[in-house]
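Below is one structure; the comments refer to it alone.
Residue numbers (my numbering), protein chains in the order written: chain X, 1 to 302; chain F, 303 to 370.
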């Protein structure tokens, strides 16, 4: 690995870039399996503790909001096949863990995977990027609001219709996923009849807060005001908060450069690929510190 | 098969209204009970579910998908 990194100092070709990147691909991202199942278990236990009056509802709201904020990233890892790595016989892990992880968000893994793949294929394209409307806005507040209404009028529907016409496989995947969406739709109504205030404060409000957080931190900050194109569509950024409190989305540009690299391996991959990132002109790449630790990006970016 | 298709079409068109009535109606009803005491008056329950239904209709006709 060190030799490869040394060679890459002089050879900045695409082939060399891919050779370095490949050394970080293929492992099972067990950390995401733990987070995915763990946060869902915490969410279920919180429900149990609140319903049985062991902890107050406000404490449940706090715990549930934090755990729900952690529910998307394991599904995202599953969408990219990180949960099975190069082991094709374990590919079921991507779907199973990905879907379990999304229970607090009441979302379908299939739908999120289909739309996320289109986001990668058409990042920042106003007509084809499903994330465009909550990404390219003026501030955090607009992003937080836009993502809540993305299935409403003038939102994601037009983009989805266009993508469905162009790609029947995409349309079929959405149809499959909508069944899961329907299960969540009815589940919420049934649970609300039995435990109304608990459903509001342990499920509905936490997932709304988590979705707004995702819109701001996962979409708006890494992609705002950037054009279409590989190496141009994502940036390195910082909001002066510790990297782990933002799910490391400050280094999301690495994910768009090589989506097959696991989330937890991105810091090491960035260190190795920094010369290529600078050469390709990725926004913010010149400011990347030599070592990416807990939060070195605070001083480096604004 | 036709029943399932009709069901899906109905939910696609009227899903938000049902969600408003059942989900938000139940929540408004619980909020009334919380703030007004354990008064199991039919009027309170009807008002709560009517508010839920109105929110659902507003959701459908104003495109407020966030209520779901």
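Glycine included, every Cβ here is placed at the ideal spot set by N, Cα and C.
I'd like to know whether the C-beta atoms of residue 356 of chain F and residue 321 of chain F end up nearer to each other than 9 Å. Here residue 356 of chain F refers to the residue found at position 54 of the second chain. Here residue 321 of chain F refers to the residue found at position 19 of the second chain. No, the pair does not count as a contact, with Cβ atoms beyond the cut-off.
Excluding the 5 residues flanking residue 319 of chain F on each side, which residues of the same chain have their C-beta closer than 8 Å to its C-beta? Against the second chain, residue 319 of chain F aligns to sequence position 17. Non-local C-beta neighbours of residue 319 of chain F in its own chain, meaning closer than 8 Å and more than five positions away in sequence, comprise 355, 358, 359, 361, 362, ordered along the chain.
Measuring CB atoms only, is the stretch 22-31 of chain X touching the stretch 82-90 of chain X, in the sense that at least three cross pairs come out at less than 8 Å? Note that the stretch 22-31 of chain X touches the stretch 82-90 of chain X; at least 3 beta-carbon pairs, one per stretch, sit closer than 8 Å.
Give me the subset of the stretch 97-108 of chain X whose CB atoms are less than 7 Å from a CB atom of chain F, sorted by chain position. Under the 7 Å Cβ criterion, the stretch 97-108 of chain X contributes no residue.
Quick one: using the 10 Å Cβ neighbour count with 16 as the cut-off for buried, is residue 286 of chain X buried or exposed? In the first chain, residue 286 of chain X corresponds to position 286, counting from 1. It counts as exposed.
Using a Cβ-Cβ cut-off of 6 Å (strictly less than) and excluding sequence neighbours within five positions of residue 84 of chain X, which residues of its own chain qualify? The sequence position of residue 84 of chain X within the first chain is 84, counting from 1. These residues qualify, in order along the chain: 90, 91, 93, 94.
Which residues, in order along the stretch 158-191 of chain X, keep a beta-carbon less than 8 Å from a beta-carbon of chain F? For the stretch 158-191 of chain X, which is checked against every Cβ of chain F, the residues closer than 8 Å are 182, 185, 188, 189.
DSSP-derived helix/strand/coil call for residue 241 of chain X: Locating residue 241 of chain X in the first chain gives position 241, counting from the first residue. Coil at residue 241 of chain X, not helix or strand.
Assign residue 288 of chain X to one of two classes, buried (16 or more other C-beta atoms within 10 Å of its C-beta) or exposed (fewer than that). The residue you call residue 288 of chain X lines up with position 288 of the first chain. Burial of residue 288 of chain X is indicated by the presence of at least 16 other C-beta atoms within 10 angstroms of its C-beta.
Span of the alpha helix (DSSP H), counted from its first residue to its last, around residue 31 of chain X: As a position in the first chain, residue 31 of chain X is number 31, starting the count at 1. For residue 31 of chain X, the enclosing alpha helix (DSSP H) stretches over residues 30-51.
Short-range partners of chain X found in the stretch 342-368 of chain F, where Cβ spacing is below 7 Å: Taking 7 Å as the Cβ-Cβ cut-off, the stretch 342-368 of chain F approaches chain X at 365, 366, 367, 368, given in chain order.
Nearest-angstrom Cα separation, counted from residue 11 of chain X out to residue 278 of chain X: For the purposes of this step, residue 278 of chain X is taken as the residue at position 278 of the first chain. For the purposes of this step, residue 11 of chain X is taken as the residue at position 11 of the first chain. Distance between the alpha carbons of residue 278 of chain X and residue 11 of chain X: 13 Å.
Cβ atoms of residue 284 of chain X and residue 240 of chain X: under 9 Å apart, would you say? Reading the first chain from its first residue, position 240 is the one you call residue 240 of chain X. Reading the first chain from its first residue, position 284 is the one you call residue 284 of chain X. One thing to note: residue 240 of chain X has its Cβ no nearer than 9 Å to the Cβ of residue 284 of chain X.
Name the DSSP bridge partner or partners of residue 261 of chain X? For the purposes of this step, residue 261 of chain X is identified with residue 261 of the first chain, where counting begins at 1. The partner list for residue 261 of chain X (beta bridge, DSSP) reads X/25.
Would you kindly work out how many angstroms separate the C-alpha atoms of residue 328 of chain F and residue 192 of chain X, rounded to a whole number? Residue 328 of chain F sits at position 26 when you count from the first residue of the second chain. Residue 192 of chain X sits at position 192 when you count from the first residue of the first chain. Each residue's alpha carbon lies about 6 Å from the other.
If residue 198 of chain X and residue 44 of chain X are in contact, beta carbons under 8 Å, what's the gap, nearest whole angstrom? In the first chain, residue 198 of chain X corresponds to position 198, counting from 1. In the first chain, residue 44 of chain X corresponds to position 44, counting from 1. The beta-carbon distance between residue 198 of chain X and residue 44 of chain X, rounded to whole angstroms, is 12 Å. This is too long to meet the 8 Å contact definition.
Taking C-alpha atoms, which residue in X/270, X/77, X/280, X/276 lies nearest to residue 290 of chain X? Your numbering for residue 290 of chain X matches position 290 in the first chain. Ranking X/270, X/77, X/280, X/276 by CA distance to the CA of residue 290 of chain X puts X/270 first.
Can a CB atom of chain X be found closer than 9 Å to the CB of residue 316 of chain F? Mapped onto the second chain, residue 316 of chain F falls at position 14. False, the Cβ-Cβ gap to chain X never drops below 9 Å.
Kindly examine the ligand GDP and report whether one of its heavy atoms sits closer than 8 Å to the Cβ of residue 193 of chain X. The model depicted lacks the ligand GDP and carries no ligand whatsoever.
Kindly indicate if chain X contains any beta-carbon less than 9 Å away from that of residue 337 of chain F. Numbered from 1 along the second chain, position 35 holds the residue referred to as residue 337 of chain F. At a cut-off of 9 Å between beta-carbon atoms, residue 337 of chain F makes no contact with chain X.
Residues of chain X with CB closer than 8 Å to the CB of residue 313 of chain F, please, in chain order. Position 11 of the second chain, counted from the first residue, corresponds to residue 313 of chain F. Those within 8 Å of residue 313 of chain F in chain X are 182, 185.
What are the residues in the stretch 11-34 of chain X lying within 8 Å of chain F by C-beta distance? Of all residues in the stretch 11-34 of chain X, none places a beta-carbon less than 8 Å from a beta-carbon of chain F.
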